[in-house]
Structures are given as C-alpha cells and as structure tokens.
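Here the sequence shown is numbered in this note's numbering, starting from 1170 and rising by one per residue.
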Amino acid sequence: MKQRSSIAMDVDDVEAFKIFKREAQKLQRTCELRESEGLPKEERERDIKLEVCGQANTFNVKDFGAIADGKTDNSKALLNAWSKACRGKAQGTVLVPSGTFLVNPITLQGPCNDQTAFQIGGVLKAPSDPSFGTDQWINFKGINGLKVYGKGTFDGQGASAWSQTKCGGNANCKQPPLSVKFNYITNASIQSITSVDSKFFHFAICESENIIVSNVKISAPGDSPNTDGIHVSNSKNIKILNSSIATGDDCVSLGPGNTNVSISGISCGPGHGISIGSLGKYPNEKTVKGIFVRNCTFSNTQNGVRIKTWAPSPPSKVTGVTFQDIVMYNIDNPIIIDQQYCPSKPCSAKGDSLVQISDVNYINIQGSSSSKVAVNVQCSPSFPCQGIKFNGINISYSGQGGPATASCSNVKASFQGQQIPPPCV
1170 MKQRSSIAMD
1180 VDDVEAFKIF
1190 KREAQKLQRT
1200 CELRESEGLP
1210 KEERERDIKL
1220 EVCGQANTFN
1230 VKDFGAIADG
1240 KTDNSKALLN
1250 AWSKACRGKA
1260 QGTVLVPSGT
1270 FLVNPITLQG
1280 PCNDQTAFQI
1290 GGVLKAPSDP
1300 SFGTDQWINF
1310 KGINGLKVYG
1320 KGTFDGQGAS
1330 AWSQTKCGGN
1340 ANCKQPPLSV
1350 KFNYITNASI
1360 QSITSVDSKF
1370 FHFAICESEN
1380 IIVSNVKISA
1390 PGDSPNTDGI
1400 HVSNSKNIKI
1410 LNSSIATGDD
1420 CVSLGPGNTN
1430 VSISGISCGP
1440 GHGISIGSLG
1450 KYPNEKTVKG
1460 IFVRNCTFSN
1470 TQNGVRIKTW
1480 APSPPSKVTG
1490 VTFQDIVMYN
1500 IDNPIIIDQQ
1510 YCPSKPCSAK
1520 GDSLVQISDV
1530 NYINIQGSSS
1540 SKVAVNVQCS
1550 PSFPCQGIKF
1560 NGINISYSGQ
1570 GGPATASCSN
1580 VKASFQGQQI
1590 PPPCV
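See below:
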C-alpha cells in the first residue's frame, strides 16, 4: 500500500482549504472595515468576535454593559444595542439574555435599515416609581419589519401605581404610564412573550398596520385598575391570536379608527372581557369596521363581548362586527351593548350617544351568566342600533330565581336558530 505524502491533499482537503482561505480573507476585510469606520478598539474586537462566531447581527445587551442585578439602570446599554441592530446593513437582533434588567423609560426608534428583532430571554423590569414623566415605559416607534419574541417577560412593577388610576370623576387625574407601546409600526410580529403587572395598559398598538400578536401571556390581579391586556387604536390589519390574558380591565380593547381586526383563540379572565370602545369620548373619531372575534373563552369576567359608547358623544360609527363561537363561564354581562357608558358615577352630563352601531352578528355563543340579564342591548335613542343579528345563542343563568332574560331598547334586531334567553324584541 502506497503511503500518502504528508503534503498531498485529496479533493476534500483542497475544498476545506479554499473555505478556510475565504473565511480568513473575510475576517481580514472585517478588521479593515472596523478600523476604517473609526470604531474604538474594544468595539472592533467585540464586533469581529461576533462575526467569527456567526452572530454578527445579534447584539447582546450585556456586551454593551448591561448588568442583570435588577437594580442597575440598563437603559443606555439597551439603546446602544438597539442602535447597532437597527442601523446595521443586515437584519439585526437585540438580545436580552436570562437575568433581570432594570430599564427606565426608553424609545426604540426607527426607521431601521432592515428588519429588526427584539429577543427577550430574561426579565425587563420597569421602575417601581408610579409616574416617571412619560406616557409609556418602552416605546417601539416608526419601525417596519419589527419582531418581538422570546420566553422572557416585561415586568411593569404596577402595584405602586394602581391606587393612582382610581381617578373617579376627576378629569385632571394623571394616569400612570402603560408598559409597551407599538407606535407607527408596520409588518410586525409579537410572539410568545409575557407581560405582568403593568401600571396601566400592558400593550398598546397605535397608528399601526399589519401586525400579528400570538401566543402571548398577560397577567395582573383582577382588581388592578385599567390594566387592559392589549389596546388597539387607529390601526388596520391586526391579528391577536392564541393568547392567555388575565387582568383587572379589558382583556382586549379596541378604540376608534380600527379596521380589519381579527381576535381568535383568546382565553380571557379575570377581566372585563373583549370590548369595542369606549367610543365617542372625543370629536372626530374615525369609524371602527371589520372586527372579528372568534373561538374565544371567557371565565369569571365582568363582561363577555361588549360595545360601549359615551353619552353624550360626537358622531362616529361602528359597523361590520362579528362575535362567533364564544364560550362563557359565569360572566356578569355575557352580551352587552352600552350606549350610555359612564364608568365614574354619578354621571351628570345629559344627552344621547351619536355613535351609530350597525351590522353586528352574534353567532354560536354559549355558556352561563352570573346575572339574570344575559343579553343586554341598550342603544342610543337618537341613533338606534341597526342590523343586529343573533344566531344560535344559549346562555343560562347560573343563579336562583328563574331562567336568563334579555333586555333591549332602541335596536332593530333579527333572530335565527336557538335563542336562550328568548328574544327581547
């Protein structure tokens, strides 16, 4: 058998050598590029190390000085990591690893050069101060192609603030900041993350388009005020899917100006249900249309599916709404339209709501009501509800004193299939 020369190379060796040479040349170019950009030596070494490890576009906040002790302010480190990920020449990811990172209010600003991801493996903790001078804690703003994901948690540290949200009728009462705001965001996904104990709303999606929220978990005590799970306003093409929400207010609330919002697979409770509104509080509110709520389960909530408008109110519209395949367990108000919404009694203002509600479908809604009035539709005398359709309703009263009933006023409704309680008009 002929012995192989120590310097001879077979085909595999040659190919491996070519690959090694290319990678060496790439690394050399990387070094030269970092030096030509005038980056500090430590930044050049960190970025080169990441590229050699195949993580060139992942920016760990610890590499920017973040300390996971739950006490050190890591706002600057997070902002610097975001800047690298957002301004890079390729898709970048900010990584929050395991550990607890205190972060003061920040805005993660776009536009970014490419799609940008925010991966949470640990806990981002808000200051416990009930009011820190901004309307939100973390603000994602002006970004196309954002992805927020991971098994980590936004901890809003809300307990110290909840007493301040009980404003009663005081119009000058300052509400605490919400936890995470998605403002002017397009083509985004929010996946698998957890939010706990927000001071105000957990997530707010505003002036945004083409967003999917899926498999998130949101929790706050049932008596924590105004801790809405997900609030959406002036946005279109929004999907909220397969999530668990337990709060002290609406699991999902839809404000004015929303178009084509689909909510499906939500487990809600405790909380105030899924609400369209409140609407009509301010002038020039845009129409709400194309709202679909399907395959959701409600347990021990104050409301099930609700539409609420202020009275008196400026004119606006809600149209094209479907609530379908809903299961309810022990709900105070399973189906409710309230066009005299007034959360802070007594309500001294006089006048009717001028919000026109039309084309609302209730299909295959079943379960139990903790109050005798299981279907409560109270529409505006000036603008009666139009085209309200009930198809396959079976809601029993879980208390004593007879079967469930329905109460309706100022509504033009039609009924098909099973109707428990019996039709009210």
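Here a beta-carbon is modelled for each residue, glycine too, at the ideal position from N, C-alpha and C.
Asked, Found
"In three-state terms, what does DSSP make of Phe-1301?", "coil"
"Please give the ranges of any beta strand (DSSP E) in the stretch 1345-1431, keeping only runs that are unbroken, at least 3 residues long and fully inside the region.", "1347-1360, 1363-1365, 1372-1375, 1378-1383, 1386-1388, 1399-1402, 1405-1415 and 1421-1423"
"Give the DSSP bridge partners of Leu-1315, in chain order.", "Thr-1285"
"Please report the straight-line C-alpha distance between Ser-1329 and Val-1496, rounded to a whole angstrom.", "34 Å"
"Quick check on DSSP: helix, strand or coil for Ser-1267?", "coil"
"Please name the residue in Ser-1551, Asp-1528, Ile-1564 and Pro-1553 whose C-alpha comes closest to that of Val-1544.", "Ile-1564"
"Given Thr-1355, which residues of its chain have a CB within under 7 Å of its CB, disregarding the five upstream and five downstream residues?", "Asn-1313, Ser-1377, Glu-1378 and Asn-1379"
"Answer yes or no: do Pro-1266 and Asn-1229 have a C-beta to C-beta separation smaller than 8 Å?", "yes"
"Output the distance between the C-alpha atoms of Glu-1220 and Asn-1226, rounded to the nearest integer angstrom.", "Unreliable placement is indicated for Glu-1220, whose pLDDT of 40 sits below 50; the coordinate value is still reported in the next sentence. Each residue's Cα considered, the two are about 8 Å apart."
"Look up Asn-1308 in the DSSP assignment and give the residues it is bridged to.", "Thr-1276 and Lys-1350"
"Taking only the alpha-carbon atoms, compute the straight-line gap between Gly-1603 and Thr-1396 and give it to the nearest angstrom.", "In this structure the chain extends from 1170 to 1594, so residue 1603 is not present and cannot be described."
"Take the Cβ of Gln-1569 as the centre, count every other Cβ of all protein chains shown within 10 Å, and call the residue buried at 16 or more, exposed below.", "exposed"
"Specify, as a first and last residue, the run of the beta strand (DSSP E) that Lys-1294 falls within.", "1292-1294"
"Among Gly-1279, Pro-1550 and Phe-1492, which one has its Cα closest to the Cα of Gly-1459?", "Phe-1492"
"Give me the residue from Phe-1301, Gly-1446, Asp-1521 and Phe-1233 with the minimum Cα distance to Pro-1346.", "Phe-1301"
"Check whether the Cβ atoms of Leu-1448 and Val-1457 lie closer than 8 Å to each other.", "yes"
"When the Cα atoms are used, what is the spatial distance from Asn-1530 to Ala-1480?", "23 Å"
"Quick check on Val-1230: does DSSP put it in helix, strand or coil?", "helix"
"Per DSSP, what are the beta-bridge partners of Asp-1507 in this structure?", "Lys-1477 and Gln-1547"
"Looking only at DSSP bridge pairs, what is Asn-1499 linked to?", "Per DSSP, none; premise fails for Asn-1499."
"Would you identify the three-state DSSP class for Leu-1247, choosing helix, strand or coil?", "helix"
"Grab me the residues of Ile-1506's own chain with a C-beta within less than 7 Å of its C-beta, minus the 5 sequence neighbours each way, in chain order.", "Ile-1476, Ile-1526, Val-1546, Gln-1547, Cys-1548 and Cys-1554"
"Please say whether Gly-1290 and Trp-1306 have beta carbons closer to each other than 8 Å?", "no"
"Taking just the CA atoms, how far does Gly-1434 sit from Ile-1362?", "16 Å"
"If you draw a straight line from the alpha carbon of Ser-1538 to that of Ile-1500, how long is it in whole angstroms?", "5 Å"
"Beta-carbon within less than 6 Å of Ala-1582's beta-carbon, same chain only, minus the 5 sequence neighbours each way: which residues are those?", "Ile-1557 and Val-1594"
"Do Ser-1540 and Asn-1502 have their CB atoms nearer than 8 Å?", "yes"
"Just checking my contact of Pro-1394 with Trp-1331 at CB under 8 Å: how many whole Å lie between their CB atoms?", "6 Å"
"With H, G and I counted as helix, E and B as strand and the rest as coil, what does DSSP make of Ser-1252?", "helix"
"Based on the DSSP secondary-structure assignment, which residues constitute the bridge partners of Asp-1238?", "Thr-1269"
"Have a look at Lys-1386, Ile-1504, Val-1317 and Asn-1560 and flag the residue whose alpha-carbon is nearest the alpha-carbon of Ser-1576.", "Ile-1504"
"In the DSSP assignment, find the unbroken beta strand (DSSP E) run with Cys-1465 in it and report its ends.", "1457-1468"
"Who does Ala-1575 pair with in a DSSP beta bridge?", "Val-1544"
"Skipping 5 residues on each side, what residues in its chain have a beta carbon closer than 7 Å to that of Gly-1207?", "Bear in mind that the predicted position of Gly-1207 carries a pLDDT of just 46, short of 50, making it too unreliable to give a figure here."
"Tell me whether Gly-1327 sits in a helix, a strand or coil according to DSSP, three-state version.", "helix"
"Can you give me the Cβ contacts of Pro-1209 inside the same chain, cut-off strictly under 6 Å, excluding the 5 residues immediately before and after it?", "The predicted position of Pro-1209 is uncertain, since its pLDDT is 49 and thus under 50; no value can be drawn from it."
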